[in-house]
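*Asks:* Could you have a look at this structure, given as C-alpha cells, before my questions?
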Amino acid sequence: MPENNTSEKDRDNVIVDVKNLNFYYGSYHLLKNINLYFKKNSVCTLLGPSGCGKSTFLRTLNRMNDYTEGSKLTGEVLINGKNIYDRSVDVVELRRDIGMVFQNPNPFPKSIFDNVAFGLKIHGIKDKDFIVERVEKCLKYSALYDQVKDKLNKPALSLSGGQQQRLCIARAIATNPSILLMDEPTAYLDPISTSVILDLINSFKKYYTVIVASHNIQQAGRISDYSGFFLDGELIEFSEAGSFFTRPKDKRTEDFITSRY
Amino acid sequence: MFTLKYKDDLFRFILSVFVLSVISIFLIAVAIILYYSYPAIMKYGISFLWVKEWNPPKEIFGALTFIAGTLAVTFIALIFAIPLSFGIGIFLQEYCPHFLRGIFTVIIEILAGIPSVIFGVWGVLVVVPWLRTTVEPFFDKHFSYIPFLRVSENIGYGILAASIVVMFMILPIIASITKDSLASVPKIAKDGALAMGATQLDVIKDVSLPYALNGIYGGIVLGFGRAVGETIAVVLLIGNQAIIPKSLFSVGYTISSLLANTFTFAVINPIYASAEVELALILLLISLIVNIIGRNILDRVIGGKFNRSQFGGG
C-alpha cells in the first residue's frame, strides 16, 4: 500500500476520490490498486517516468479509456461523491464537467472561434451573444486573446504550437468544467510557451481543480499544491508539494526527484 | 565502384522512367483518339454535341443521345451510392463491433473486385424482373403524372436498371475508401472532441468527416470513373436504344455500351468509326472535366484548413 501523506482527517473539499483502482489492458496490469484523492481548487501533479501509468490514470478520471479495446477496470472513482463507473452515469454528460488538455495540441480543423465555441455548441447553447462573450473570455484567460483577436475566423491549425496548446486550454475551459485534466501539456512546447502555460495553470486553481501529468520535476515544482509519484503502475507516494519535493518518504521518489531514473 | 550519390541518382532516374512511361502512355492514347476522331470533328463540327440523330447508313451522327444516357446512368448511380456508402463506411469504422469489422471489410473488398459481367447477369436475372413486376407497376399507378417517373414501356430494362446495378458496383469502392479515410483521422483529434463531452455523432460530424473529406472525395471520383465507363453491365441492362431518356424508367444508350455493341462493324466505314472514336473522346473529356470541377469545389470547401502534419504525423 502506498502511503498517503495527506492526513485522513483532512477530507473536506475532496472532489475526486479514487479507491482501489486497478486497470488492465489485455494481460498487462497497468494501474495497481491506486488510492488517492484530489481537493477542490488545487493543482496536483502526477510525476513519473514514461510508461509509468500516469497518463492512463488521468484518462480513467474522465473514462477516456472506455474506447480502449480489451481493457478492464476495477475499483471506484468518485467525483463529488458519485462513482463515475456506475452504470447509471452518462459518459458524455460526465465529460462535460471535466476538461482535458492533451500532450499534442489538437485543435479541430475549424476556425479559432469555432474551436472555443465547440463545447458550448455541442452542449446545446444557441445564444450567440453568450457564446461570443464566453469565447472572448476564455481566450483572455488563456492569454491568447491579444494575439488572435483580429483573426478569430482563421483556421486554428495556422497557429503556432504554443498558441494551439493555449487554444486547446481555452477550448477546455469554455464549458466551465470543475476539473481540468492535463496530460503533459508542455511536453512539445518551447520554454517561453511552457512558462506561459505554467502561469496559466497557477492562475486556474481559483476556478478549477487541475490535475497534471508530467515528467518534468522542475515544472511540477513550480505549480503543485500536491504531488504524486507513479512507478510501474503503482502510486508510490502522494503528498503536499512542500514535503513531496523536499522530504520524500520513499527512496524511489527521492531517486526520481534527484533524477536518478 | 558506385559512389553512394551515384546510386541515389540512378534510383531516381529509374523511378522517373516509370513515371514518364505512364504519362507518355496517357498522351499517346489521347493522341490516337484525337487522330482517329479528327475526320468526324471536321465533318460535323461542334454541333456533333447536340445533334440527337444517330444514323450510320445516312452518315448522320450526333452524340447527344449517348451523352445524356451516360450522364443519366452515372449520376443516378452516384446519387444512390454516395449516401449508402457513407453510411457503410461510417458504420464500419466508427460503430461496428471489432470482430465483425474485419469480415465486413473483406466482403466489401471482394465485392469491389467482382467482374462487372457478373453484376450485369445478376441485374438481368434479379433487378430487371423486380423492376418489371413490382417497381414499374407501382410508379405507373401512383406517379404517372410526374414526367420524370413515367413508365412508358413496362419492360424492366432501362436507365434505372442500369443505374441500380452500377450503384452496386461503385458502392464498395466509395464505402471502403470512406472507411479508410475515416481510419486515418488522427486519434488525438477525435479524443479532443470526446473529452469535451461530444457524442460519437458530434465527433464524426465535426472532426472525422472534415478530416476525411479529401480522401472520401477521391473515392467518389474513382466511383464516378467506374460508373461513367462501365460497359458490360450497362449493355446488358439499359435497353440499348438510341433515344434520349426522359424518365427514370425509359430505355437508353451510353457511350461505352454503344462502342461495345457497334465498334467492330463501325470500323468498316471510316467516318462511322471516326464518329465513334469522337464519342470516346467525349467520354474522356467528361471524366476530366468532372474531376477538375470536383477538385475545385473541394478546395473551396476545405481550402487551407487542413494540414495533417500539424499533428506531428499522428
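So the sequence lines, in the order shown, correspond to chains U and G. Counting from 0, one number per residue, gives the positions in the first sequence under numbering that gives the first Met the number 0. Counting from 0, one number per residue, gives the positions in the second sequence under numbering that gives the first Met the number 0. All C-beta atoms in this analysis are idealised placements derived from N, C-alpha and C, irrespective of residue type, glycine included.
1) Within a Cβ cutoff of 8 Å, which residues of the same chain sit near L188/U, ignoring the five residues on either side of it in sequence?
2) Assess contact between the segment 162 to 178 of chain G and the segment 229 to 249 of chain G, defined as three or more Cβ pairs (one per stretch) separated by less than 8 Å. Is contact present?
3) Along chain G, in chain order, which residues have C-beta atoms closer than 8 Å to that of V91/U?
4) If you draw a straight line from the alpha carbon of A259/G to that of I107/G, how long is it in whole angstroms?
5) Which residue from L20/U, A142/U, K120/U and Y24/U puts its Cα closest to that of V202/G?
6) To the nearest angstrom, report how far apart K71/U and S242/U are at their CA atoms.
7) If I measure Cβ to Cβ from D249/U and keep anything under 6 Å in the same chain, skipping five residues before and after, which residues do I get?
8) Scan the segment 172 to 196 of chain G for residues whose Cβ lies nearer than 8 Å to a Cβ of chain U and list them as they occur along the chain.
9) V227/G to G218/G, Cα distance in whole Å?
10) By DSSP, does H28/U sit in helix, in strand, or in coil?
11) Y66/U CB to nearest chain G CB: under 9 Å?
12) If distances are taken between C-alpha atoms only, which option among T261/G, D7/G, P56/G and F248/G comes closest to G155/G?
13) Can you list the residues of chain G that N61/U reaches, using a CB-CB cut of under 7 Å?
14) Taking 9 Å as the CB-CB limit, is Q309/G close to chain U?
15) Mind the definition here: the segment 37 to 53 of chain G touches the segment 130 to 139 of chain G only if three or more C-beta pairs lie below 8 Å; say whether that holds.
16) According to DSSP, is E277/G helix, strand or coil?
17) Going by beta carbon distance, what residues of the same chain come within less than 7 Å of P38/G, once the five residues before and after it are set aside?
18) Classify S87/U as helix, strand or coil using the three-state DSSP reduction.
19) For the segment 63 to 77 of chain U against the segment 38 to 54 of chain U, do three or more pairs of beta-carbon atoms, one drawn from each stretch, fall closer than 8 Å, so that the two count as touching?
20) Report yes or no: do the segment 182 to 200 of chain G and the segment 103 to 115 of chain U share at least 3 C-beta pairs separated by less than 8 Å?
21) For E229/G, count neighbouring C-beta atoms within 10 Å of its own C-beta (all shown protein chains included) and say buried if the count is 16 or more, exposed if not.
22) Could you give the uninterrupted runs of the beta strand (DSSP E) lying entirely in the segment 203 to 242 of chain U, keeping only those of 3 residues or more?
23) Which runs of the alpha helix (DSSP H) at least 4 residues long sit entirely within the segment 142 to 208 of chain G? Give them in chain order.
24) Is it a yes or a no for the segment 49 to 63 of chain U touching the segment 170 to 183 of chain U, going by three-plus beta-carbon pairs under 8 Å?
25) What is the DSSP secondary structure of T104/G, reduced to helix, strand or coil?
26) Touching or not, the segment 171 to 179 of chain G and the segment 68 to 87 of chain G, by the rule of three or more beta carbon pairs under 8 Å?
27) So that I know if they touch, is there some Cβ in chain U lying closer than 9 Å to that of Y216/G?
28) State yes or no: is the beta carbon of N111/U nearer than 9 Å to at least one beta carbon in chain G?
29) Give the residues of chain U in contact with D298/G, contact being defined as C-beta atoms less than 9 Å apart.
30) Decide yes or no for the touch test of the segment 179 to 189 of chain G against the segment 139 to 151 of chain G: beta carbon pairs closer than 8 Å, at least 3 of them.
31) Taking contact to mean 3 or more Cβ pairs, one atom from each stretch, closer than 8 Å, check whether the segment 18 to 33 of chain G and the segment 276 to 286 of chain G are in contact.
32) Identify the contact partners of I121/U in chain G, using a Cβ-Cβ distance below 9 Å as the criterion.
*Replies:* On the basis of the supplied data:
1) G160, G161, Q164 and I196
2) yes
3) G196, A197 and T198
4) 28 Å
5) K120/U
6) 34 Å
7) I235 and E236
8) P185, I187, A188, D190, G191, A192, L193, A194, M195 and G196
9) 14 Å
10) strand
11) yes
12) F248/G
13) A194
14) Unreliable positioning characterises Q309/G in this predicted model, as indicated by a pLDDT of 37, which lies under 50. The coordinate reading is nonetheless provided below. Answer yes: the Cβ-Cβ gap between Q309/G and chain U drops below 9 Å somewhere.
15) no
16) helix
17) P269, I270 and S273
18) coil
19) no
20) yes
21) buried
22) 208 to 213, 225 to 230 and 233 to 239
23) 158 to 182, 186 to 194 and 199 to 202
24) yes
25) helix
26) yes
27) no
28) Here residue 111/U is Ile; the residue named in the question, Asn, does not match the sequence. No, because no Cβ of chain G sits closer than 9 Å to the Cβ of I111/U.
29) Near D298/G there are no residues of chain U at all, since even the closest Cβ is about 14 Å away, more than 9 Å.
30) no
31) yes
32) A192, M195, G196, A197, T198, D201 and D205
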